[in-house]
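Residue numbering for the sequence shown follows the numbering used here, beginning at -11 and increasing consecutively.
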Amino acid sequence: MTSRTALPRYRPYTRPAAGWGALRSVARAWIDSGQPLRNLRAMLRTNQHGGFDCPGCAWGDSPGADRVKFCENGAKAVNWEATGRRVDAAFFARHTLARLREQSDYWLEYQGRLTEPMRYDSQTDRYVPIAWENAFRLIADHLHALDDPNQAEFYTSGRTSNEAAFLYQLFVRALGTNNFPDCSNMCHEASGVALGASIGVGKGTVTFDDFAQADAIFVLGQNPGTNHPRMLEPLREAVRRGAQVVCFNPLKERGLERFQHPQHLLEMLADGSAPLNTAFFRPALGGDQAALRGMAKYLLQWEREAQAVGGMPVFDHAFIAAHTEGIDDYLAAVDATPWARIVEQSGLTQAEIEQAARLYRRADRVIVCWAMGITQHRHSVATIQEIANLQLLRGNIGRPGAGLCPVRGHSNVQGDRTMGINDRPAAALLDALEKRFGFSVPRRHGDNTVAAIEAMLAGRARVFIGLGGNFAQATPDSPRTHEALRRCALTVQISTKLNRSHLLPGREALILPCLGRTDIDRQASGPQAVTVEDSFSMVHASYGQLEPLAPTMRSEPAIVAGMAKATLGNHPVDWDALIANYDRIRDLIADTIPGFADFNRRLHQPGGFYLGNAAGERRWNVPGGRARFQPHELADALLPAAARASAAQPDLILQTLRSHDQYNTTVYGLDDRYRGITGQRRVLFVNGDDLRRLGYAPGQSVDIRSLWDDGIERVVRGFSLVAYDIPPGQAAAYYPEANPLVPLASVGEGSFTPTSKFIAIRLEPTAEQADLVVSQGG
Ligand SMILES: Nc1nc2c(c(=O)[nH]1)N[C@H]1C(S)=C(S)[C@@H](COP(=O)(O)OP(=O)(O)OC[C@H]3O[C@@H](n4cnc5c(=O)[nH]c(N)nc54)[C@H](O)[C@@H]3O)O[C@H]1N2
Ligand SMILES: Nc1nc2c(c(=O)[nH]1)N[C@H]1C(S)=C(S)[C@@H](COP(=O)(O)OP(=O)(O)OC[C@H]3O[C@@H](n4cnc5c(=O)[nH]c(N)nc54)[C@H](O)[C@@H]3O)O[C@H]1N2
Ligand SMILES: [Mo]
């Protein structure tokens, strides 16, 4: 592995977030890249005008500010991609897939960048080199052999640039399907679905500048200290100027508590730190909808009290009258929700909810942010609509310093959706494509991620193409997902790094090595820029800075065009001409996607350009033209019927989350600094009282079994118990190690997102034999 091996250890972390710990960690990632001098240039060009967009998260920046704009985990992402190590034909000649499957996810990616196109040879169980043109021909042959284009699945991960994504959806729709499973299906799908129906646009309504004007910022189900570190700055600034920062998170995440600025010399030298919140609530898993409903109940009560005495209204009546509909039904639903259920489901006391409601009411301008703690539940759509309901009551959408902020994950996941990567595309997009390119666009909705797995398992889909990502590990119910890939006639992975998805080939398989964000992309007309869109709908250009490791790597747009040309010829466009100069791709985007007029000129503006957001301007693209209150009842029980129907009662409810040393399925290291974990990932965080109740001791090894009524055994073995500050009844483990526990059928209502933050589990002591297997297998 690496030179850095530490004994597994758990010791609570008492230092502030960021600060010296972050600097040490950046230095380590930098040195470990194997090419530190080369990468220094890359790091300094991260998120700068003329540089490249950080391949880390989708947080935006204040345009213009001329300073270093990367964070610890951005630096890790850059150095991880820009490594000097390579996984080439010689590497694959040394290893069979059977042997590679025994390695950890960490080891696989650590081996370096993929540099040559490879084909799986089932005779020798090895990947062997293949020429690019032959690879494209193989793909075309498989696609031509299908009875129906809906028998192929076209996955996208969220690092893909706008240019590559646009070409990909054009190719796939010209082929005849909307089968676009994507990482968004597992991520912010619920935000898009919920907000689309509530306010007519599935994106956040705020921009970076709004944070400086908010009186209160609510942060729900998000761990920005690890996953969006650049967000800590506006939070700290908000606390400093007296705004409220109110967190809802069952875990007291260090990055939401104290912060030391790693780029402020004085603070570092004085070893000072600033608080990052003014209130912290710790709900039950899945309890946010109930908590928000409780807050709405208080607002309604105070509104009535104000009316009775002729005091200041609590609701924004002018806004409600001019811009919304459905308030009566919603308030009736609020009245009908009993406190007993709110308290039981939220996991908070009524007094805590009252306090949260007071903080909310006191603020004139409120931004609500959220991430996976909100979106990966069965009732995520309803929860996000309850956030919107609350904001509508006080007119907190579409004015400065207020709004909705689903904080996106992958750096271009929002842009990929804008470009049309969507299994449920809007009719307007399809109409525009049809008009511009003159072919009959498929109208039938395609497969999302879960549906794609089901289709491959059932043999209905036979070709899988992955534009980035790690389908095998990011998806739920891992053994079934792995089987789904293996049943395909052809699997194709367009990737920068080796991961488990490459090791689960269909009967035939290809690895197509692509350039990443940091690499210089040279085409016939010279070096090319690509573009991305951040969480604030800012579109900007990204220019790679480093010479690619090998001339045999290709850009994502070139690979998509290569597949398209081999499959469709020059229909509906001259693919080669587009690749010669990406300006031509952007001209097509300008012709078909709203907001991109004059794309090639505007892309050169420092900081990029704002796509606009109708709801942010109080225009509501909802039938009826008004924002809609959505009255939901709270579910009878959070535990799904299928888990209740299983023979056993759950010991705990499990959420799966990210450590500080990972980017999704990419594991940078085995530490989780802020949670005090060193040298291990197979850990289960449990409350000390629960450990005693269940008869276990910290450090003991357990097997975790999940409850579902379909008769399938879902178990992961050899997890080390950590007594942790976590609310009773809850547990947490890392993704992707815990993914085998998430039943494929356990998805969000309306979003179909796997419920990765709510899994009913039982524990068993690890049997000795199982222990042995785990320690050998790694
Ligand atoms: N360094 C780094 N950056 C990343 C990523 C990464 O893996 N590493 N991933 C990127 C991607 S794709 C995404 S989507 C984002 C993910 O960003 P996050 O959403 O911050 O990621 P998670 O680790 O899943 O953290 C979920 C948080 O929600 C809390 N939580 C869980 N369940 C509940 C609940 O029911 N209610 C409430 N209120 N809180 C809950 C957890 O305790 C945890 O703090 O980050 C992006 N940025
Ligand atoms: N249990 C559980 N499961 C989850 C989650 C969870 O919280 N819990 N989170 C979900 C979320 S929010 C998301 S977004 C998904 C993430 O799902 P994915 O996006 O599929 O997974 P990643 O781990 O980001 O993909 C990593 C791989 O992407 C490839 N890659 C990296 N950069 C590039 C590039 O520039 N181009 C190309 N072509 N390939 C590249 C590398 O080969 C790398 O191995 O996982 C989801 N799964
Ligand atoms: Mo994500």
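Quick reminder that beta carbons are idealized off the backbone N, C-alpha and C, glycines included.
Open item on the list: Assuming TYR684 and LEU751 are in contact, meaning their beta carbons sit under 8 Å apart, how far apart are those beta carbons, in whole angstroms?
Closed with: 7 Å
Open item on the list: I need the straight-line Cα distance from GLN248 to PHE236, nearest angstrom please.
Closed with: 22 Å
Task: Closer than 8 Å: THR644 CB and nearest ligand 1 heavy atom - done: yes
Open item on the list: What I want to know is whether the C-beta of ILE482 ends up closer than 8 Å to one or more non-hydrogen atoms of ligand 2.
Closed with: Checking the Cβ of ILE482 against ligand 2 gives yes.
Task: Reduced DSSP category for ALA755 - H, G, I as helix; E, B as strand; rest coil - done: coil
Open item on the list: Using a Cβ distance threshold of 8 Å, determine whether the region 419 to 427 contacts the region 232 to 246, with at least three qualifying pairs required.
Closed with: As far as the Cβ criterion goes, the region 419 to 427 does not touch the region 232 to 246, which means the pair count is below three.
- [ ] Pick out whichever of ARG161, ALA279, ARG405, GLY190 has its Cα sitting closest to the Cα of GLN343.
- [x] Proximity to GLN343 across ARG161, ALA279, ARG405, GLY190 peaks at ALA279, based on C-alpha coordinates.
Open item on the list: Can you give me the C-alpha to C-alpha distance between THR484 and ILE665, rounded to a whole angstrom?
Closed with: Put simply, the backbone Cα of THR484 is about 28 Å away from that of ILE665.
- [ ] Taking MET526 as part of the beta strand (DSSP E), name the residues at either end of that continuous run.
- [x] Counting along the chain, the beta strand (DSSP E) containing MET526 begins and ends at 526 to 531.
TODO: With DSSP collapsed to three states, give me the class of GLU471.
DONE: Reduced to three states, the DSSP call for GLU471 is helix.
- [ ] Figure out for me which residue from GLY397, LEU626, VAL189 has the closest Cα to the Cα of MET174.
- [x] GLY397
Task: MET174 CB to nearest heavy atom of ligand 3 below 8 Å - done: yes
Task: Three-state secondary structure assigned by DSSP to GLY514 - done: strand
Task: Contact set for ARG606: own chain, Cβ-Cβ below 7 Å, skip 5 residues either direction - done: HIS311, GLY386
TODO: Assuming ARG281 and LEU556 form a contact by the criterion Cβ under 8 Å, report the distance between their Cβ atoms to the nearest whole angstrom.
DONE: That pair is no contact at about 51 Å.
Open item on the list: So, with DSSP's three-state summary, where would you put CYS393?
Closed with: strand
Open item on the list: To the nearest angstrom, how far is the alpha carbon of GLN764 from that of GLN91?
Closed with: In this predicted model, GLN764 has a pLDDT of only 34, less than 50, meaning its place in the structure is not dependable; the value taken from the coordinates is given anyway. Pairing GLN764 with GLN91, the inter-Cα distance amounts to about 11 Å.
Task: Any non-hydrogen atom of ligand 1 closer than 8 Å to ILE362 Cβ - done: Answer for ILE362: yes, Cβ within range of ligand 1.
TODO: Using beta-carbon positions only, say whether ALA359 and GLY213 come within less than 9 Å of one another.
DONE: no
TODO: Would you mind stating whether HIS216 and TRP47 have Cβ atoms separated by less than 9 Å?
DONE: One thing to note: HIS216 has its Cβ within 9 Å of the Cβ of TRP47.
TODO: Return the Cβ separation of HIS132 and VAL451 in integer angstroms, given the expectation that the two are a contact with Cβ distance under 8 Å.
DONE: That pair is no contact at about 11 Å.
Task: GLU756, buried or exposed, once every other Cβ within 10 Å from all chains shown has been counted against 16 - done: If you draw a 10 Å sphere on the C-beta of GLU756, you find fewer than 16 other C-beta atoms in it, and that means exposed.
Open item on the list: On a Cα-Cα basis, can you pick out the residue from GLU177, ALA231, GLN650, SER708 that is closest to PHE673?
Closed with: SER708
- [ ] Compute the Euclidean distance between the alpha carbons of LEU378 and GLY184, then round it to the nearest angstrom.
- [x] 16 Å
TODO: Determine contact between the region 329 to 345 and the region 187 to 194, defined as no fewer than three beta-carbon pairs at a distance below 8 Å.
DONE: Contact between the region 329 to 345 and the region 187 to 194 is absent, because fewer than three Cβ pairs lie under 8 Å.
Task: Bridge-paired residues (DSSP) for ARG616 - done: GLU313, per the DSSP bridge assignment.
- [ ] Say yes only if the C-beta of GLY44 is nearer than 8 Å to one or more non-hydrogen atoms of ligand 3, and no if none qualify.
- [x] no
Open item on the list: At the level of alpha carbons, what is the spacing between SER334 and SER428?
Closed with: Taking the straight line joining both Cα atoms gives about 49 Å.
Open item on the list: Beta-carbon within less than 6 Å of ARG270's beta-carbon, same chain only, minus the 5 sequence neighbours each way: which residues are those?
Closed with: PRO238, PRO715
Task: HIS620 versus GLU374, ASP678, VAL302, ILE355, residue with shortest Cα-Cα distance - done: GLU374
TODO: Could you tell me whether the region 690 to 700 touches the region 433 to 442, using the rule of 3 or more Cβ pairs below 8 Å?
DONE: With a cut-off of 8 Å, the region 433 to 442 and the region 690 to 700 do not count as touching, because too few Cβ pairs lie within range.
Task: Test item: CB-CB of PRO686 and VAL710 under 9 Å - done: Result yes, Cβ atoms of PRO686 and VAL710 sit closer than 9 Å.
Task: Residues near ASP571 by beta carbon distance below 6 Å, same chain, minus five either side - done: ASN588
Open item on the list: Are there any heavy atoms of ligand 1 lying less than 8 Å away from the beta-carbon of ASN67, as far as the coordinates show?
Closed with: Result no, Cβ not under 8 Å from ligand 1.
Task: Beta-carbon proximity check, LEU208 vs THR266, cutoff 9 Å - done: no
TODO: Measure from the alpha carbon of GLU97 to the alpha carbon of each residue in ALA81, ARG114, ARG73, then state which is nearest.
DONE: ARG73
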